[in-house]
Amino acid sequence: MTRLIEVLKWLTKILPRFITMLPDEGGVLIRFGRYIKTLEEGGHCILIWPVIHTVESVTTTRQIVDVPTQDVLTKDRIPVCMNVSVEYVISDPYKAIYGVEDFDECLQELTGDTSRQVLNGYSFDTCVDFMHVVQLEIFEKIEKKAEQYGVDVLEVRVPTFTKGHTIRLIQQ
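Residues 530 to 701 (my numbering) make up the sequence shown, in order.
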């Protein structure tokens, strides 16, 4: 009986089968390591040979990435602590899988760099009084750059924004 189970497991590894993408998934079909086509959600009448074909998939539902709290200097050199979160959805599975090694990490780094760059252009009082403008500018810059990762940015939030500890400046 155990021999029969082993044979059945072996057969499932080499026999062809049909592929189904879940409603919240997108993926790419790969033949011998080369991209063949993008697979949208739902059933696909594609004969998959496990030895020849592979399917890589990503979740296409809304996701949130949080950038850890970071210390930033404003234009008037006041240190602030801020936390940024980005809500996004994957729009192009091919770009998300092949455009970058880890799109989640890239989006986190992009958000951190962009938020620091934007805050360096505003004074502390402007940031406090017009945080919605700061968030909008961060959103627009991230949205443009994130397209190359196959990601649509839906919303950018700055839940934490307070005066921070003194930041040591590196003397040049």
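Heads up, the beta-carbon is just placed ideally off N, CA and C, and yes, glycines get one too. Predicted model, so just to flag it, every value in this text is computed and none were measured.
Would you check if the distance between the CB atom of residue 617 and the CB atom of residue 680 is smaller than 7 Å?
To locate residue 617, count along the sequence shown from 1; it is residue 88. To locate residue 680, count along the sequence shown from 1; it is residue 151. Result yes, Cβ atoms of residue 617 and residue 680 sit closer than 7 Å.
Alpha-carbon spacing of residue 691 relative to residue 639, whole angstroms
What you label residue 691 is simply residue 162 of the sequence shown in a count that begins at 1. What you label residue 639 is simply residue 110 of the sequence shown in a count that begins at 1. Spanning the two alpha carbons is a distance of roughly 21 Å.
Contact between the segment 553-568 and the segment 576-586 (3+ Cβ pairs under 8 Å)
yes
Is the beta carbon of residue 637 less than 7 Å from the beta carbon of residue 596?
As a working note, residue 637 is residue 108 in the sequence shown. As a working note, residue 596 is residue 67 in the sequence shown. Going by C-beta atoms, residue 637 is nearer than 7 Å to residue 596.
Whole-number beta carbon distance between residue 603 and residue 678, since they are thought to touch under 8 Å:
For this step, residue 678 is matched to residue 149 along the sequence shown. For this step, residue 603 is matched to residue 74 along the sequence shown. Wrong, their Cβ atoms sit about 28 Å apart, outside the cutoff.
What do you reckon, are the CB atoms on residue 682 and residue 644 nearer than 7 Å?
One-based indexing of the sequence shown puts residue 682 at position 153. One-based indexing of the sequence shown puts residue 644 at position 115. No. Outside cutoff.
Buried/exposed call for residue 545, threshold 16 Cβ in 10 Å:
Counted from its first residue, the sequence shown places residue 545 at position 16. With fewer than 16 other Cβ atoms within 10 Å, it is exposed.
Where in the segment 584-625 do unbroken runs of the alpha helix (DSSP H), each at least 4 residues long, occur, reported from the N-terminal end onward?
none
Proximity to residue 573 [Cα-Cα], best of 547, 587, 656 and 588
For the purposes of this step, residue 573 is identified with residue 44 of the sequence shown, where counting begins at 1. Residue 573 has its Cα closest to that of 547, out of 547, 587, 656 and 588.
Indicate whether residue 589 and residue 553 have their beta-carbon atoms separated by less than 7 Å.
Locating residue 589 in the sequence shown gives position 60, where the first residue counts as 1. Locating residue 553 in the sequence shown gives position 24, where the first residue counts as 1. A contact, by the Cβ cut-off of 7 Å.
Whole-angstrom distance between residue 534 and residue 593, CA atom to CA atom:
Position 64 of the sequence shown holds residue 593. Position 5 of the sequence shown holds residue 534. So the two alpha carbons sit approximately 42 Å from each other.
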